Amino acid sequence: MAIRLGDVAPNFFATTTEGPIDFHQWLGNSWGVLFSHPADFTPVCTTELGFLAKLRGEFDKRNVKVIAISVDPLDAHTGWIKDINETQSTTVNFPLIADPDKQVASLYDMIHPNADDKATVRSVFVIGPDKKIKLMLTYPASTGRNFAELLRVIDSVQLTANYKVATPGNWVDGEDCIVTPAVSDHDAQRLFPKGLRRVKPYLRYTPQPNR
Ligand code: BEZ
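If you want it as structure tokens, here you go:
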């Protein structure tokens, strides 16, 4: 069944390059990002995993655990990680799930048969500490993901989770946020002591609350 925003991220047991995991236990109280990669020893995926490894500090700062999956066996992953480390001048520092039976890929609907019936598309699932799906992205195999955009959307969903704000189009960290329509002007004065800029009754801005 398709996964939708707000659903509990399906739990699974899997073999990874950092040992066996129970996914929900592994997440603990952290946020999580699950990335699918079409196949081992492929060029776009190699660059993506290199970028991810280099950005580990940015994910740690946001209390986000990173885990990747590719529908290849563990021994292939081990060889591929050596290549990633060598070619991308980094050290892969997160687990890579081995999923040769495509159990996790099927559970998360990562195989889109009209695109490719064997490899996964490039899926991203952002999961909250409540284990619920907060955000999903789907890219074709031929397009590498933009990790600055991924960090941007994590910042946005974390702001929404922690404060009653949304973020406008093209928002980046540090810019004004939008007070959600569910918050009355009266409550907004209390919730957002940094101020309220009222453009229309439904369009109200406040400085980013966690800055
Ligand atoms: C890649 O990661 O380079 C790739 C994988 C599958 C199809 C196209 C590109």
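Residue numbers (the working numbering): 262 to 472.
Glycine included, every Cβ here is placed at the ideal spot set by N, Cα and C.
What you are looking at is a predicted structure, and each value in this text was computed from that prediction instead of being measured.
* To do: Within its chain, find whatever has a CB closer than 7 Å to the CB of residue 289; leave out the 5 residues flanking it on each side and keep chain order.
  => none
* To do: Just the C-alpha distance for residue 419 and residue 426, rounded to the nearest angstrom, thanks.
  => 10 Å
* Whose C-alpha, out of 343, 350, 370, 459, is nearest the C-alpha of residue 357? -> 343
* Output the distance between the C-alpha atoms of residue 453 and residue 340, rounded to the nearest integer angstrom. => 51 Å
* Closer than 6 Å: residues whose CB approaches a heavy atom of the ligand BEZ -> 299, 300, 303, 304, 305, 306, 380, 402, 403
* With 16 other Cβ atoms within 10 Å as the buried cut-off, status of residue 266 -> exposed
* **Completely contained beta strand (DSSP E) runs for the stretch 307–331, where each covers 3 or more residues** => 325–331
* Asked: Where does residue 447 land, buried or exposed, given buried means 16+ other C-beta within 10 angstroms?
  -> exposed
* Asked: Going by other Cβ atoms of all chains shown within 10 Å of its Cβ, with 16 needed for buried, is residue 299 buried or exposed?
  -> buried
* The alpha helix (DSSP H) enclosing residue 415, as first and last residue numbers -> 408–423
* Could you check the C-alpha separation between residue 327 and residue 284 for me, to the nearest Å? => 12 Å
* To do: Assess, as a yes-or-no matter, whether the stretch 384–393 is touched by the stretch 346–357 under the definition of 3 or more beta carbon pairs within less than 8 Å.
  => no
* **Helix, strand or coil at residue 281 according to DSSP, with G and I counted as helix** => strand
* **Opening and closing residue of the alpha helix (DSSP H) in which residue 339 lies** => 335–349
* **When 319, 293, 321, 422 are compared against residue 329, the one with the closest alpha-carbon** => 293
* When burial is assigned at 16 or more other CB atoms within 10 Å of the CB, is residue 465 buried or exposed? -> buried
* Go ahead and label residue 455 buried or exposed: buried means 16 or more other beta carbons lie within 10 angstroms of its beta carbon, across all protein chains shown. => exposed
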